[in-house]
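**Q** There's a structure below that I have some questions on.
Chains as they are written, first to last, in the working numbering: chain A, 1 to 200; chain B, 1001 to 1191; chain C, 2001 to 2657.
Printed below as a string of structure tokens:
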């Protein structure tokens, strides 16, 4: 079997990792929480990092009028389907064996990933800005506008007495590896093609 | 020559270090000093309100200056202020004077402290042995067990009570027990 | 030139070395403190850091158990055991009232003396703490996961449960002896007939190896002496239990004189493995009796009390090999066994010397039938046959001994107010340090096991007088901490304690810290009146009884407005803390309720009863500062006259739940 084909078979298989590992994590640190509170974002759910974390995040956040972290959103129905379809498509392309399509798959997954990140940002923005007007505690930012509590898309940020960290987790890294493998498959395929042409 | 210079410099560095080392013992001295701020234990407690304890009563008696001096030399003041109850058979000054010449002076020497502690402890017994109780002990032929593990016999002759042959001259109730003034120093039996 | 330089260097280097050496010498001569750090440093636990050891101190006449840290001496928790505690609603809420039930009914107080920790293979395992109630004889088991009293068992036929609660080296039994002998079974008889008729019951409480559940397995009915203190054999002497006795005179009056007559009393050696054989062989008598067994169930957050009506008894006068007496001078108080199990120290509290018995000499004497005489059919071994040695003139009024695991023993002397360190085997006194004042027990963490942690000893004092800023006629109780890691003891710290600290038990914090329960899981809450979510909150009337199913979470109660209650009702507030976050308890109290607050841990349900007496609108509130909006955590109950037709309603934020 050609090396590029092998890489292209392995690449999409890495997407399986998204079903067994969370892809993103937001952690909130504060002095009164020696064990920080954390939420893990999976392709089909938002879950406690440690038992009861979501409940405790909601409890803290309700004072400033933030909504509860949803147990279910529409994206959680779509994401798994998209991932399965992309994986199947990737394997199909691999078996067809045209290396140019490998690049196509990579670009498609990257595009879909970006859409996912944008969707995540929209949710975060709403979560941090769309506050209950009856909230018990209302803070204003430096400009006198109601304070927003949006966690960072990626990185760390101080929000009042909390430090929020938002970083990818193993599931996301598996996705990246899978994508990189497809890119590698394309490059190897390109080289193989050139060698073939040279030998011909 | 360069190396010599380095050595000298190192030496200079060590000297201040040595000074710092000399400072530490002062904190150690402070640390150990609180162990000694009440050297006599409960005897150091200042309390002018409570009923007087055995030590305070004895210290206020001009007939017991030798006994008190001996207790101080033996450093057992804290035993006489203990919650008790204890009974002290307190030889008066005359009783000490009746000992062979030089005995008391000899016992008060620091090197004889343990002998002195032993002799004084022999005069203390756990329990409340006032006149009534002493008569009862005599009647029931019960002996009094002392702090040194000796047994004292109590006898009654007419109105007088004797403990181990020493006559009880008077009895004083104190906050932590009984003082029975006796006319003899009660020495170990084998002596 | 080169040589000259080398010589000069050597001279300079040597002189520096000499100066350094000299400097060090100065430091050492001024006291070991300079090298080991000052006392303040040794007891300083920096903010945020943890103590190295737990110390579980008896609360004495408070009836509780105090949890301190060592070396700081800081008090962390008072675990309510035998006395009601309004702070924690122990004995006030409906769930824990059964814990204080006895065969005499509900008793709100007792006098707790001797804590001891569970062991596995002779080493402390950090699972449970046991402690005795002296007045109305009981033994309690405290979980070291939750630091709550989980179980209390009453001891029939016992009175003044003092030689208790001592744990055998695999926690097979907790052993409890009676201080006062009494008629067994109790009956109306003349006190003058004490001698020969009263009995001293020694109880063996079996401990379930997994759950820790206690059951009174059997009692040995000993002669009518006073059983003062006890310790289990360990290592080679495992299977034996040793009790100090006094009043072998069997006096019933003026014991201060009449119980001090005999030259020697006894240490009773009880072979409990043999007792197990006799039980197995059916050589026991079932005696009708009555005692309470109270168990707190973590899943229902509630206790139950069961009355038991029978106990197995063994009569040592009929069962040879069960008990032997070792003569010990002058009313021995402490009865302490060294880590190897070979030496049994009897502290004759009126004796001039400490008596140490040898276990191997004891077994040899039993083998050789080297008996002086017998008492009530129990052989009395000859004094010299079991004697290992005596510590001569160690001090006045010896009480208790602990061991450091390095071959040294530490004994307290009440009258001469000191701790004396002496050597096992040679019996020589190595060091003595005064205590302030009149020391009772002492404790080395693990000192009552095969593996002591011989770093500190805590002296538990009876008198403090001028040691602290005064607080009126009643001044604080006190402990003192000594460093025993060196040759000489060093006094480090005085710290106040609860009640009168009798005995204490200690162990490294690392044995207990990792197993702590932080919250109770709401899904595991099987309380019959639990409310697991706000939408399940409700108020149910059943005649004059009204049950409020209430929840609490930051920062509100649900419901927080209740109407339709009438004077003459009996209102049960069953309150569930819905929090699932560490250290977020909530409290609740109701104006005019004739009980304490509730203090409810996350995931827990507790109940208080309120009988409203006056018409009006009455507030309740959260008593534990829980959150930024704690002061907003409150509610109202409307109380109407008995003939009112106001319907029962319950709301939150103006809406039905």
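All C-beta atoms, glycine included, are put in the ideal place defined by N, C-alpha and C.
#1: Determine the direct distance from the alpha carbon of residue 1053/B to that of residue 2117/C, and round the result to whole angstroms.
#2: Residues in the same chain with beta-carbon distance under 6 Å from residue 47/A, minus the five sequence neighbours each way, listed in chain order, please.
#3: What is the DSSP secondary structure of residue 2213/C, reduced to helix, strand or coil?
#4: For residue 1177/B, return the contacting residues in chain C, with the cut-off set at a CB-CB distance below 8 Å.
#5: Count the other C-beta atoms from every protein chain shown that fall within 10 angstroms of the C-beta of residue 127/A, then say buried if there are 16 or more, exposed otherwise.
#6: In chain C, which residues lie with their C-beta within 8 Å of the C-beta of residue 1093/B?
#7: Is it the case that the region 2623-2643 of chain C contacts the region 2540-2556 of chain C, given that we only count it when at least three CB pairs across the two stretches are under 8 Å?
#8: Tell me whether residue 2133/C, by its Cβ, gets closer than 7 Å to a heavy atom of the ligand COA.
#9: Check for me: the beta strand (DSSP E) holding residue 2394/C runs from which residue to which?
#10: Would you mind giving the Cβ-Cβ distance between residue 2674/C and residue 2138/C, rounded to the nearest angstrom? I have them listed as a contact below 8 Å.
#11: Express the C-alpha separation of residue 193/A and residue 110/A in angstroms, rounding to a whole number.
#12: Residues of the region 2103-2125 of chain C with a CB closer than 9 Å to any CB of chain A: list them in chain order, please.
#13: Please report the straight-line C-alpha distance between residue 2639/C and residue 2464/C, rounded to a whole angstrom.
#14: What does residue 50/A touch in chain C if you count any residue whose Cβ is under 8 Å from its own?
#15: So, with DSSP's three-state summary, where would you put residue 2449/C?
#16: Output the residue ranges of the beta strand (DSSP E) runs that lie fully inside the region 134-186 of chain A and measure 3 residues or longer, sorted by chain position.
#17: Would residue 1988/C count as contacting chain A if we go by Cβ distances under 8 Å?
#18: State yes or no: is the beta carbon of residue 2581/C nearer than 8 Å to at least one beta carbon in chain A?
#19: Can the beta-carbon of residue 1117/B be found closer than 8 Å to that of residue 1179/B?
#20: Which word fits residue 1/A, buried or exposed, when buried means at least 16 other C-beta atoms lie within 10 angstroms of its C-beta?
#21: Note down the Cα distance separating residue 172/A from residue 18/A, rounded to an integer number of angstroms.
#22: Quick one, are the C-beta atoms of residue 94/A and residue 9/A less than 8 Å apart?
#23: Here's a check: name, in chain order, each residue in its chain whose Cβ is nearer than 6 Å to the Cβ of residue 1025/B, leaving out the five neighbours to either side.
#24: Give me whichever residues DSSP pairs with residue 2619/C in a beta bridge.
#25: Going by C-alpha distance, which of 2246/C, 2528/C, 2068/C is nearest residue 2299/C?
#26: When the cut-off is 8 Å and only beta carbons count, does residue 2155/C lie next to chain A?
#27: Excluding the 5 residues flanking residue 1182/B on each side, which residues of the same chain have their C-beta closer than 7 Å to its C-beta?
#28: Quick check on residue 2290/C: does DSSP put it in helix, strand or coil?
#29: May I ask you to verify whether the region 2255-2271 of chain C touches the region 1114-1130 of chain B, counting CB pairs closer than 8 Å and requiring at least 3?
#30: Using Cβ-Cβ distances below 8 Å, what residues of the region 2356-2370 of chain C are close to chain B?
#31: Looking only at DSSP bridge pairs, what is residue 2310/C linked to?
#32: Distance check for residue 148/A and residue 12/A, CA to CA, integer angstroms please.
#33: Could you tell me which of 2215/C, 2426/C, 2404/C sits nearest to residue 2451/C, measuring between CA atoms?
#34: For a test of the three-state rule: what should DSSP assign to residue 2370/C, helix, strand or coil?
#35: Kindly say whether residue 2477/C, judged by its beta-carbon, lies nearer than 8 Å to any beta-carbon of chain B.
#36: Name the two residues that bound the continuous alpha helix (DSSP H) containing residue 1105/B.
**A** Walking through what the data contain:
#1: 40 Å
#2: 40
#3: coil
#4: Neighbours of residue 1177/B on chain C: none; closest Cβ ~11 Å, over 8 Å.
#5: buried
#6: What residue 1093/B touches in chain C: nothing, since even the nearest Cβ is about 25 Å away.
#7: yes
#8: As presented, the structure is devoid of all ligands, the ligand COA included, so that no description of it is given.
#9: Taken as a continuous stretch (DSSP letters only), residue 2394/C belongs to no beta strand (DSSP E), as it is neither H nor E.
#10: Absent from the structure is residue 2674/C, since the part of chain C shown begins at 2001 and ends at 2657.
#11: 25 Å
#12: none
#13: 52 Å
#14: Within 8 Å Cβ-Cβ: nothing; residue 50/A doesn't reach chain C, min ~10 Å.
#15: coil
#16: 155-159, 162-168
#17: An answer regarding residue 1988/C cannot be provided, because it is not within the stretch 2001 to 2657 covered by chain C.
#18: yes
#19: no
#20: exposed
#21: 7 Å
#22: yes
#23: The pLDDT assigned to residue 1025/B is 38, lower than 50, so where the model puts this residue is not dependable, and the model offers no usable value.
#24: 2636/C
#25: 2528/C
#26: no
#27: 1089, 1090, 1091, 1095, 1163, 1166, 1167, 1168, 1169
#28: strand
#29: yes
#30: none
#31: 2288/C
#32: 38 Å
#33: 2404/C
#34: coil
#35: no
#36: 1103-1107
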